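S.K.: Residues in the sequence shown are numbered consecutively from 151, following this note's numbering. Idealized CB from N, CA, C, for every residue including glycine. These figures come from a predicted structure and were not determined experimentally. Structure provided below as C-alpha cells; questions to follow.
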Amino acid sequence: PGFLLCMTITFAIVFLAGSPLLSASFVQYAANLSMFAPAFGQPFMDGVYWSIVLELVFYGWVTLALLTGLFQKRKLELILIWLAISALNEFFIGSGAARLLFITEFGPFFAAGVLVHHLHAHGRSLPAMLLLAAAFLISCGTLSVTQHWMLGHYGIAVSSANLVIANVVMHAALIGAVLLRGRIRASGLTLALGGLTYPLYLLHQDIGYLVINAATPLIGKWFAAFGCGALMLFVSWAIWRACERPAQRLLRIWLGRAVDAGLARFRRVSAGAQPAE
151 PGFLLCMTIT FAIVFLAGSP LLSASFVQYA ANLSMFAPAF GQPFMDGVYW
201 SIVLELVFYG WVTLALLTGL FQKRKLELIL IWLAISALNE FFIGSGAARL
251 LFITEFGPFF AAGVLVHHLH AHGRSLPAML LLAAAFLISC GTLSVTQHWM
301 LGHYGIAVSS ANLVIANVVM HAALIGAVLL RGRIRASGLT LALGGLTYPL
351 YLLHQDIGYL VINAATPLIG KWFAAFGCGA LMLFVSWAIW RACERPAQRL
401 LRIWLGRAVD AGLARFRRVS AGAQPAE
C-alpha cells in the first residue's frame, strides 16, 4: 500500500512540475506499478526505486532457501558461498548478469543484516563473527563500484574515505541498535521513526530535487534543504499513520481469510480424494 501511494504522489508531482530535468508519463506510471519498470522499457519513477528490484531478488532467494530448508540448516554455508561469489564477481569478473542475479554489488550488506539477526537469535559464534567481518570488508571494497558509476553519470562522487566512514557508521548503528535493544523500550516514537522510513525512502529523491530547486531562489539553499527534509519527514509520518498502517491491517486480514479459505478447500478436496475403507 505504501509503495502504491508514494509512487502515485511522486508521479503526480513530477508530472505537474514539468521540469526539464525530470519527466513522467502515464506509460511510465503503469510500468512502475509492477516494480520492474525497465522490463517494460520504462525508467523507474524515482531514482531510488532500482533498489526495490534488488530487495525482491533477495527475498526470492531467501524464500527459496526457506522452502528447501537450507536457510534453517545451512545458513552460514550459504552466506559463505554468497560472499565468495560477490567478491569474485566484483573484484575479478564484473559480470552484469551475476551482479543482478546474485546482487553481488550489495550482497555483503544483505549478508551482514542476515548475520546480525543470526547472532541476535542464536548467540555469538566464531564462524558467524568471521563471516560478519568478511561481509563488512567486502562491502568496503564494493563501494568503489557505485562510486565509479556516479563519476560516469554525474561527473562527481563521494570520496572513498567518506564512503568507508559512512559504511562504518551504518554497520555500527545496526549492531549498536541490536545491542541496546534491552535499554530502549518500544514506544510510539520509536514505532513512528521506524514506520516513516519506508515512505521517506520512496518519496525523498525526485520530489526533494524539485522542492529544493524551486525554494532555493526564494529562501536560500540551506533553508530549502532543511525545510524540504522537515516536510518529507512530516509527509512520510502522515502516510505511515493515516494510510500505510490501516491498509496493512486490512490487507493482512484479507490475506489471512484468503489463506484460511484456500487451506479449508484443500482439506476438503484431500478428504474427498481418499479411498473409502
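1. Where histidine 354 and alanine 215 are concerned, what is the direct C-alpha to C-alpha distance, given to the nearest angstrom?
2. Ignoring anything shorter than 4 residues, give me the alpha helix (DSSP H) runs that lie fully in the segment 316–386, in order along the chain.
3. Within 10 angstroms of its Cβ, does glutamine 178 collect 16 or more other Cβ (buried), or is it exposed?
4. Going by Cα to Cα distance, which pick from Gly219, Leu220, Phe153 and Ala411 is closest to aspartate 196?
5. Please classify phenylalanine 416: is it buried, with 16 or more other beta-carbons within 10 angstroms of its beta-carbon, or exposed?
6. Which runs of the alpha helix (DSSP H) spanning at least 4 residues fall entirely within the segment 176–244, listed in chain order?
7. In three-state terms, what does DSSP make of leucine 171?
8. Relative to the alpha-carbon of histidine 267, which residue among Met300, Thr292, Ala327 and Trp211 has its alpha-carbon at the smallest distance?
9. Glutamate 255: which of Val318, Phe208, Pro277 and Ala181 sits nearest, CA to CA?
10. Between the beta-carbon of phenylalanine 252 and the beta-carbon of serine 236, is there less than 8 Å?
11. Would you call the CB atoms of leucine 287 and valine 314 closer than 8 Å?
12. Am I right that cysteine 378 and leucine 155 are in contact with their C-beta atoms under 8 Å? What's the rounded C-beta distance?
13. Within the continuous alpha helix (DSSP H) that includes glycine 291, where are the two ends?
14. Check each candidate in Leu233, Leu226 and Leu301 and name the one with the smallest Cα separation from serine 275.
15. Can you tell me where the alpha helix (DSSP H) holding glycine 246 begins and where it ends?
16. Buried or exposed: which applies to serine 309, given that a residue is buried once 16 or more other Cβ atoms fall within 10 Å of its Cβ?
17. If you draw a straight line from the alpha carbon of asparagine 182 to that of threonine 366, how long is it in whole angstroms?
18. By how many angstroms is the C-alpha of alanine 278 removed from the C-alpha of valine 361?
19. In three-state terms, what does DSSP make of valine 314?
20. For glycine 406, which of helix, strand or coil comes out of DSSP?
21. So is alanine 311 in contact with chain D if we call contact Cβ pairs under 8 Å?
22. Nearest by alpha-carbon distance to valine 319: which of Gly406, Cys290, Arg402 and Ile229 is it?
M.R.: On the basis of the coordinates in this document:
1. One C-alpha to the other measures close to 33 Å.
2. 338–345 and 347–369
3. buried
4. Phe153
5. exposed
6. 176–182, 200–218, 220–223 and 225–238
7. Residue state, collapsed to three classes: coil.
8. Ala327
9. Phe208
10. yes
11. no
12. Not quite, the Cβ-Cβ distance comes to about 19 Å (not below 8 Å), so this is no contact.
13. 276–304
14. Leu226
15. 246–251
16. exposed
17. Straight-line Cα distance between these residues: approximately 30 Å.
18. 44 Å
19. helix
20. Glycine 406 falls in the helix class under three-state DSSP.
21. Protein chain content of the structure displayed is limited to a single chain, and chain D is not contained in it.
22. Cys290
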